[in-house]
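Participant: Structure provided below as structure tokens; questions to follow.
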Amino acid sequence: MKTLVVILGPTGVGKTELTLNVARQFNVPVINADSRQIYKEIPIGTAAPTKEQQALVKHYFVGNRHIQDYYSAAMFECDVLQLLDKLFINSDIALMSGGSMMYIDAVCKGIDDIPTVKDTVRAEIKERLKRDGLESLCDELKRLDPEYWNIVDKKNTRRVVHAVEICIQTGQTYSSFRKNEIKQRPFKIFQIGLNLPREVMYERINGRVLKMIDRGLLDEVLNVYPLKGLNALNTVGYKELFSYIDGSVDFNEAVRQIQSNTRRYMRKQITWFKKNDNIKWFEPSDEENIIKYISDKIQ
Numbered sequence: 004m005k006t007l008v009v010i011l012g013p014t015g016v017g018k019t020e021l022t023l024n025v026a027r028q029f030n031v032p033v034i035n036a037d038s039r040q041i042y043k044e045i046p047i048g049t050a051a052p053t054k055e056q057q058a059l060v061k062h063y064f065v066g067n068r069h070i071q072d073y074y075s076a077a078m079f080e081c082d083v084l085q086l087l088d089k090l091f092i093n094s095d096i097a098l099m100s101g102g103s104m105m106y107i108d109a110v111c112k113g114i115d116d117i118p119t120v121k122d123t124v125r126a127e128i129k130e131r132l133k134r135d136g137l138e139s140l141c142d143e144l145k146r147l148d149p150e151y152w153n154i155v156d157k158k159n160t161r162r163v164v165h166a167v168e169i170c171i172q173t174g175q176t177y178s179s180f181r182k183n184e185i186k187q188r189p190f191k192i193f194q195i196g197l198n199l200p201r202e203v204m205y206e207r208i209n210g211r212v213l214k215m216i217d218r219g220l221l222d223e224v225l226n227v228y229p230l231k232g233l234n235a236l237n238t239v240g241y242k243e244l245f246s247y248i249d250g251s252v253d254f255n256e257a258v259r260q261i262q263s264n265t266r267r268y269m270r271k272q273i274t275w276f277k278k279n280d281n282i283k284w285f286e287p288s289d290e291e292n293i294i295k296y297i298s299d300k301i302q
């Protein structure tokens, strides 16, 4: 049976190198499941696979979009399923790797069929957000969809805005589209999780941030600064350096905040993934056993 192998784990754990070795072992490309590495303009701060790594193994969904493009987990689900149809023609195994929880779940479990927001509606709500603020949109959401308003994180701009967009466009509540049903796939899926002790992860993350700085992260942030209001740039590493550029914090404090916020995001990822009992966990250095595990599963 056709099989999708998923390698997942928190930021900084070592997914990229392990995935490269697995891909080369099984002679398959890598389907990248990272919601920010798809953007061409921000490879350093998102730790996207380098050109050298991509030369070793073909990667999909790396640097294939621009930060001004709209893209969602639902679109990713559709694109990956279409890609898998092609990949499975010549191979019984496909490999996906990443740390974006919603993107991975969209492929493995499916995502609710929520309508794509029209550009005109998106522009209207964006203007209202700029003019009236998030609190005003929260009040609008309470009126249009009290059920979702009751559970949504009212400080999460993206979620509030998206719910209001759907309500305005469809004339229905956002809640009516949220069915949370697991979709059946015509292929087998198994998931491999990578993790390390918490103190090791903290050290790796702190060091990785400093390496990003050395590679030119500040210049990358300066290049996209005129577009800092985009959702794609509401991302750890960028928003902290935007504050530095604006004069709100000094450079050392911005770097410290990047390290702290990355560690916080890492903990959030682990909490999300640990809810999934179907994940088989390994340390990234346990490559031999990981490859053996995959071999045994696909037989």
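Residue 4 is where the sequence shown starts when you use this note's numbering, and the numbers rise one by one after that. Backbone N, C-alpha and C fix where the C-beta goes; we use that ideal spot for every residue, glycine too.
1. Taking the alpha-carbon positions, what's the Lys5 to Asn30 distance?
2. Using DSSP's beta-bridge definition, name the partner residues of Trp284.
3. Do you know how far the Cα of Tyr42 is from the Cα of Gln57?
4. Would Asn35 pass as a contact of Ser100 if the rule is Cβ separation under 8 Å?
5. Should Lys18 go down as buried or exposed, given a rule of 16 or more other Cβ atoms within 10 Å for buried?
6. Enumerate, from N- to C-terminal direction, the unbroken beta strand (DSSP E) stretches of 3 or more residues contained entirely within the region 23–108.
7. Tell me which same chain residues have a C-beta within less than 8 Å of the C-beta of Tyr205, skipping the five on either side of it?
8. Give, in chain order, every unbroken run of the beta strand (DSSP E) that is at least 3 residues long and sits entirely within the region 183–244.
9. Locate the alpha helix (DSSP H) running through Val258, then write down its first and last residues.
10. Which same chain residues end up closer than 7 Å to Ala26 when comparing Cβ atoms and leaving out the 5 residues on each side of it in sequence?
11. Helix, strand or coil, according to DSSP, for Thr6 in the structure here?
12. Quick one: is Trp3 buried, meaning 16 or more other Cβ sit within 10 Å of its Cβ, or exposed?
13. Does the separation of the CB atoms of Leu264 and Val224 fall below 8 Å?
14. Am I right that Ile208 and Gly15 are in contact with their C-beta atoms under 8 Å? What's the rounded C-beta distance?
15. On a Cα-Cα basis, can you pick out the residue from Ile96, Met104, Ser103, Val110 that is closest to Gln85?
16. When DSSP builds the beta bridges, which residues end up paired with Leu21?
17. Val8 and Ile297 - do their beta-carbons sit closer together than 8 Å?
18. Using beta-carbon positions only, say whether Ala166 and Asp142 come within less than 8 Å of one another.
19. Taking 8 Å as the cut-off, does the region 125–137 touch the region 42–56 (at least 3 CB pairs, one atom from each stretch)?
20. Starting from Lys129, trace the alpha helix (DSSP H) in both directions and tell me its first and last residue.
Facilitator: Looking at the atomic coordinates:
1. Residue 5 sits at position 2 when you count from the first residue of the sequence shown. Residue 30 sits at position 27 when you count from the first residue of the sequence shown. For Lys5 and Asn30, the distance between alpha carbons rounds to 15 Å.
2. Within the sequence shown, the letter at position 281 stands for residue 284. Gly196.
3. Counting from 1 along the sequence shown, the entry for residue 57 is found at position 54. Counting from 1 along the sequence shown, the entry for residue 42 is found at position 39. Each residue's alpha carbon lies about 15 Å from the other.
4. Locating residue 35 in the sequence shown gives position 32, counting from the first residue. Locating residue 100 in the sequence shown gives position 97, counting from the first residue. For the pair Asn35 and Ser100, the CB atoms are nearer than the 8 Å cut-off.
5. Taking the sequence shown and counting its residues from 1, one reaches residue 18 at position 15. That one is buried.
6. 33–36, 96–101
7. Against the sequence shown, residue 205 aligns to sequence position 202. Within the same chain, Tyr205 has close Cβ partners Arg266.
8. 191–197
9. Residue numbering aside, residue 258 sits at position 255 when the sequence shown is read from its first letter. Residues 254–277.
10. Here residue 26 corresponds to residue number 23 of the sequence shown, with the count starting at 1. Excluding sequence neighbours, Ala26 sits near Pro32, Val33, Val60, Leu98.
11. Walking along the sequence shown from the start, residue 6 turns up at place 3. Looking at Thr6 - three-state DSSP - the assignment turns out to be strand.
12. This structure cannot speak to residue 3, because the chain is shown only from 4 to 302.
13. Locating residue 264 in the sequence shown gives position 261, counting from the first residue. Locating residue 224 in the sequence shown gives position 221, counting from the first residue. In the sequence as presented, Leu is not what sits at residue 264; that position holds Asn. No.
14. Position 205 of the sequence shown, counting from 1, holds the residue named residue 208. Position 12 of the sequence shown, counting from 1, holds the residue named residue 15. Contact holds; Cβ gap of about 4 Å.
15. Reading the sequence shown from its first residue, position 82 is the one you call residue 85. The candidate whose alpha carbon is nearest that of Gln85 is Val110.
16. Indexing the sequence shown from 1 puts residue 21 at position 18. BP columns for Leu21 are empty, so no partner.
17. Position 294 of the sequence shown, counted from the start, is the residue given in the question as residue 297. Position 5 of the sequence shown, counted from the start, is the residue given in the question as residue 8. Contact flag set, yes.
18. In the sequence shown, the residue the question calls residue 166 occupies position 163. In the sequence shown, the residue the question calls residue 142 occupies position 139. No, they are not a contact pair.
19. no
20. For this step, residue 129 is matched to residue 126 along the sequence shown. Element bounds for Lys129: 122–135.
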